[in-house]
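This report refers to the structure that appears directly beneath it.
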Amino acid sequence: EANRLLKEIQTFDFVFHQYLMRFILRITNDLSKALQKKDQDIVNAIMLVQRCKKKLQSVREDDFDDLLREVSIFCGNNDIDVPNMDGLFLPQGRSRHKAQKIINRHDYRMDLFFTTIDKQLVELNNRFTE
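First residue of the sequence shown: 1, per UniProt numbering; consecutive thereafter.
This is how it looks when you write it as structure tokens:
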């Protein structure tokens with residue numbers, strides 16, 4: 001079991017997820033701390049929510065390549081295989097004939113990066129309407 005877990009955490013996919021979560025948590029940390037205060041100023045809270053939403057949107061639009069580069073460097077420095085981002089992505093458990101032809105970069109960008117950030121934005125919008 002320990003070897004299986006070690007093998008799993010030594011994958012590009014695992015590292016990408018960890019870096020992405022760290023990226024998002026850095027953005028949302030100030031808001032999270034502020035909302036936990038008992039003496040929170042509502043005007044300040046609204047400002048922090050707006051700032052957080054703007055930053056997430058900015059990251060969504062501009063920072064995928066930076067994140068991918070950071071993850072690739074980390075993996076390279078730690079002997080973790082980095083997939084060819086221009087290579088075909090094959091979802092696990094599907095045959096090559098039935099799989100949709102997309103490249104790894106598209107999968108990481110659309111299905112992981114955008115989806116995760118979009119979920120954060122949806123939650124912020126649902127919980128903090130203006």
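Where is the CB? At the ideal position from N, CA and C, for every residue including glycine.
Note that the structure is predicted; figures quoted are calculated from it, not measured.
- Under the three-state reduction of DSSP output, ILE103 falls in the strand class.
- Around the CB of ILE27, 16 or more other CB atoms lie within 10 Å, so the residue is classed as buried.
- Distances from the alpha-carbon of LEU25 to those of LYS53, THR129 and ASP111 put LYS53 closest.
- The distance from the Cβ of ILE102 to that of MET85 is about 11 Å, inconsistent with a contact at the 8 Å cut-off.
- By the CB criterion at 9 Å, ARG60 and LEU5 fall outside the cutoff.
- For ASP41, the number of other beta carbons within 10 angstroms of its own is below 16, and it is reported as exposed.
- At the C-beta level, PHE16 and LEU68 come within 9 Å of one another.
- Annotation for ILE46: no residue places its beta carbon closer than 6 Å to its own, counting only its chain and skipping 5 residues before and after.
- Within a 10 Å sphere around the beta-carbon of ILE117 sit 16 or more other beta-carbons, which makes this residue buried.
- Using a Cβ distance threshold of 9 Å, PHE23 and ASP63 count as a contacting pair.
- Inclusion of VAL49 and LEU124 in the CB contact set at 9 Å is warranted, their separation being smaller than that value.
- Under the three-state reduction of DSSP, LEU6 is assigned to helix.
- A Cβ-Cβ separation of about 4 Å places PHE89 in contact with ASP107 under the 8 Å criterion.
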